[in-house]
Structure formats: C-alpha cells, structure tokens
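Heads up: the sequence shown begins at 884 in the numbering used here, then just goes up one per residue.
Glycine included, C-beta positions come from ideal geometry on N, C-alpha and C.
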Amino acid sequence: MMVNIMNRAIALSETLRTHVESHYPLLYLVTFEENKADSLIREFGVGRKILEWNMAGGIVDFASKHPLSSYCDLSSALETFSSMELDNHFLVIKDAHLALLDNPLSVARLKALANKLIHDDTTLATVFLVSNQVLVPPELEKFITLFELPLPNEQEIRAIIVDHAGLYDITVSDHDLSALTLAFRGLSEHEIRHLLNRGYQQDGNIDKDDLALVYSEKEQIVKKSGILDMIPRHESIDSIGGLEQLKAWLRQKAKVLADLPGAQAFGVDAPKGVMIVGMPGCGKSLAAKAAATLFELPLLRLDIGSLLGKYVGESEGNMRRALKLAEAVSPCVLWIDELEKAFVGIAGGNNGSEVAIRLFGHFLTWMQEKSGAVFVLATANDISALPPELLRKGRFDEIFYVDFPVPDERKAIFRIHLEKRNQRLTDIDYAQLAAKTDGFTGADIEAVVKETIEQAFVGDKAALTTERILCVIEATDPLKIVMKDKVQEYEAKFKNLHIKKAS
C-alpha cells in the first residue's frame, strides 16, 4: 500500500515538474492542504528563489513566511514581481480565488506577467496559484493549467490507519479497518490522524466505535461550507404509508450499504441512487428522509438554485465544491429536491441558459464517474422537464413513480399521522375515511388530521371520532382540485412513460 501511495505522489510531482521545465507560466494547484502544495513547490524548487504573496502578510519569504516588505495587495505585488529581474524564480500566490475575485486590476497585471514569462527570453519563472477552489477569470484561461492535489484514497487511508495504530502498538481488525477507511474518505491526512488521536485518547483503542467522531467532524465540514444543508433524520421507513415497492427496493440497498466493502468484493456495484417522480405531496421528500434513516447515513440537501453566482465560472465552481463536499462526507445520502427546476430549458433539445447547460454537463459527468459512496436521491414533479440524458440507465439505479395513494395506502397514512400525534384510536372507521379521500395526497391527509386534532383541543378536548374527521374532510379541497389543470397535465405525461410504480 505504501508503494502505491508513493507512486501516486511521484506521478503528480513529475507531471508538475515537466510543466515547470516546459515553462508553463501559471500553474493552479487546487487543494485544501496548503502544506502539501508547499511541499511540492519546495521539492522541485531547490536552487530557485521562491517568493510568496498571501492575503495576511503581503510578499513574504516562502520558507519562513516572514514579510519581506510592508503589506501590499495582490495588484501591487504583481507590479513588483513584473518589475523584478526574474531569473529562476517561483512566485506563489495563496488564496488565489479570493485575491482575483472582482479584482480586474490584479487579473490584468497577472495576465501581463504571464505574457512576459512566455515571450521574454530573459525572464525565467513560474507562478503557482494555490487555492481550495477553482475560480479562473476568462482573461487568464489560456495561461492557466489546473492541478488538483487529491485527498488520500482508500489505499492511502488504510495505510494511514495501520501506521497510526502501529505507533500505539494496536492491531485494528479487518472489519473495523474497512469501516474506518470508508468513513475517513474525503478527509485530509492531518484530519484523519487528528481523529485517530482523539479516538485513542477516548478509549485507548482504534476501532469502529470511533465512527461517531468521524461523522461529527464531517457534520462540522458541511455546516462551515454553506453550500449544503445537513438535514436531521427523524423519519423512519415506517413513517411512509404505502409505496411498498419503493420501500422494498430501499431495504435491499440498505443491506448493500451496510456492508459495502463486502458487497463490492462479492461483485455488487455500489448503489448510485434513485429518482422519485410524481405528484406533489405524495411522499417523495418523506422517502428521502426515511431512506437516510434506513441507511444510517447523514442526509445532505443540495439546492442547485442556491449555487448560481454572478461571476463567470462561479456557478460551476460552486457545483464542483458541493459535489466534492458530498464525496468528502461520504458515505451519505445527497438529496436533490425538485431537480427539474435546476435544469429547466434543457430538455427536448432546447438551448436553455449557458450556465444551466454547463451545470447539467458537470452533474452528468459526476453521476457517471463518482467514486465516493454518495447515494443520490433526486425528486421531481415534472419528469418531462428533465433532459433525457439524465434518465437513461447508468445515471440512477432506478426511477420510481409516486401516484395519488390508493384506499389501503390512505388508511395507512391516516393511522400513521393519528398515532404520531398520540391518537391511538381503536374505533376509527379507516375504510370510511379512505373512501371519502379519493384524490387526496399524503400531505392533504396530514393536514386533515392536524386540523381535526386542533379543533378537538380548542373545542371540548373530546376524543377524535370518525364523524369529526369526516367533517374536516368535507371542508378540505385536496390538491387534485386546487391544482386540477396541473395535475391532469402531470397525469397525462406520466401515463406515456414506462416508469416503475412505487406502490
């Protein structure tokens, strides 16, 4: 394993070295670990003069980080660099995405410096842009070469765990090693060793009992990112009335995810995800929350609309960050609600917006190539608004259609919501309630139950009866009536699609 780690590091180092020796002017290193970027630059910067600019200190000595002059902003630093005799220099710019954002003067001066490095034979230097995210101004695209410094892969994580356990003379079982390796995916070596230290200090051992620490750390990562929401898991699979085929399918996937290394060793592919389409209020969002509980995984929600930015490339950069973050905290469930709104205008060969098209392309590529244990659960009301490329086999493991609940499902939904509110009633005629709620969604039925209980409390605090519930039903206009035209439109579209029914 250590040989593979060394080989990967050597390959990256040699690729960077060849770009330096071929006089590429701007090399953009994307990493969350600045110390690794510094190590690489230091490795093949022997004998070169290395200067660094960062937002905290201005121009500093690369090795010591001590300021070399009074503080200056990036545009002033670039002016200084351009006026120097650059002979065998490395120039390092930290937090490049922040320094260049909305800063046209810095962009213009960096472009001028890049042109000087290319065309002036007396100038020999390479500029390294170091940042944890990509933001490339259009003016600099042809000058910049991107390199992503990868986080430890599974082989490297296993080696780190074994090495760290050896420091304490501890042997980690194969089962615990597999579980920890999967949980540590997406963390840096520093973060992994820090958590291993905490786990050992906690109970004198390194085993699967340390998983709670890992998930707590990952929750902090999500909260700090501001681009994904961590959704609390309160709903169980038993909170869903009906949808038996969908629930059976989810239970099967849960068994695979519970022992993913063993399943993959047996030849089972890691689950990609599921798309749930159909009528609003019929349990799609509830299924997302229940799936995460069933899988015993964190639930992350991605609002693609919130990723849109006002700068060129900002939206795509936010999308990359969001998906990388999901992989970083994997294994997890990534819930994308109302997916059709994110890619509106692309379906059916329409042009759509350029940003939506680029986001869609990046999302498709990620869905096809993602290596992390991210189970994508997408929900949509109008599948006809989605690009057909998203619906073909290989993107999602399955697509389910959720329709209005049938009588038996409506009975179950009434019972679930009454019991959820401490109304364990034995004399309710569920068959009569189901008969009177044809065309009601699960959300409609929940609203009826809530209103009935509130009326009973405010009135005489008497026990609920079938008659009282029926009175509320009579006064309720279900979704099928409120959105009659839209519901008929959806029904006509779904009728022509061959999608597996969730019920």
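Assignment of beta-bridge partners to F1279 by DSSP yields K1276.
Ranked by Cα distance from T1262, the first of A946, D1291, L1217, K1276 is L1217.
Within the same chain, and ignoring the five residues on either side of K1101 in sequence, the residues whose Cβ sits closer than 6 angstroms to its Cβ are V1212.
Distance check between N1080 and each of I1053, Y1373, G1145 places I1053 closest, using alpha-carbon atoms only.
Taking the Cα positions, S989 is about 40 angstroms away from A1256. Cβ contact annotation for K1363 (same chain, cutoff 6 angstroms, sequence separation greater than five): G1322, V1370, in chain order. A Cβ-Cβ separation of about 5 angstroms places F973 in contact with R931 under the 8 angstroms criterion. Rounded to the nearest angstrom, the gap between the Cα atoms of T1006 and F1030 is 24 angstroms.
Here the alpha carbons of G940 and Q1016 stand approximately 21 angstroms from one another.
In terms of Cα proximity to E1179, the closest of R1304, K1107, P1115 is P1115. For a cut-off of 8 angstroms, the C-beta gap from S958 to N986 is around 7 angstroms, short enough to register as a contact. Residue environment analysis places D1327 among the buried positions, since at least 16 neighbouring C-beta atoms fall within 10 angstroms of its C-beta. Between the alpha carbons of S1061 and E1252 lies a distance of about 22 angstroms. Distances from the alpha-carbon of E897 to those of L923, R1184, L912, L1260 put L923 closest.
Shown here for P1020: same chain residues with a beta carbon closer than 7 angstroms to its own, the five before and five after excluded, namely L983, V990 in chain order.
Counting C-beta atoms within 10 angstroms of its own C-beta, L1050 has fewer than 16 neighbours from the protein chains shown and is therefore classed as exposed. The beta carbon of A1173 is closer than 7 angstroms to those of E1118, S1119, I1120, S1122, I1123 in its chain, skipping five residues each way along the sequence.
Along the region 970-1008, the alpha helix (DSSP H) occurs as fully enclosed runs of 4 or more residues at 979-983, 987-1002, listed in sequence order. For K1130, the secondary structure class from DSSP, reduced to helix, strand or coil, is helix. By alpha-carbon distance to F1243, the top candidate from D1265, L1273, E1221, V1259 is L1273.
Boundaries of the alpha helix (DSSP H) around D1291: 1290-1303. Here E916 is near S1071, since their CB atoms are less than 7 angstroms apart.
The beta-carbon distance between F1246 and M1202, rounded to whole angstroms, is 7 angstroms. This is short enough to meet the 8 angstroms contact definition. F1026 places its beta carbon less than 7 angstroms from that of A997. DSSP places G1244 in the uninterrupted alpha helix (DSSP H) bounded by 1237-1252. It is roughly 8 angstroms from the alpha-carbon of E1302 to the alpha-carbon of L1308. L934 has D944, L974 as its beta-bridge partners, per DSSP. Distance from the Cα of R992 is smallest, within the candidate group L1353, D970, K1130, D956, for D956. Of F1067, M1162, I942, M938, the smallest CA-CA separation from D1090 is found for F1067.
Residue pairing of P950 in beta bridges, as defined by DSSP: V943. Rounded to whole angstroms, the gap between the alpha carbons of E1022 and L1032 is 24 angstroms. In terms of Cβ geometry, A1205 and I1104 do not form a close pair [threshold 7 angstroms]. For the 7 angstroms CB-CB criterion, G1125 and A1295 form a contact. Secondary structure of M1202 (DSSP, three-state): helix.
Boundaries of the beta strand (DSSP E) around I1219: 1215-1219. Straight-line measurement puts the Cα of L895 at about 11 angstroms from the Cα of A920.
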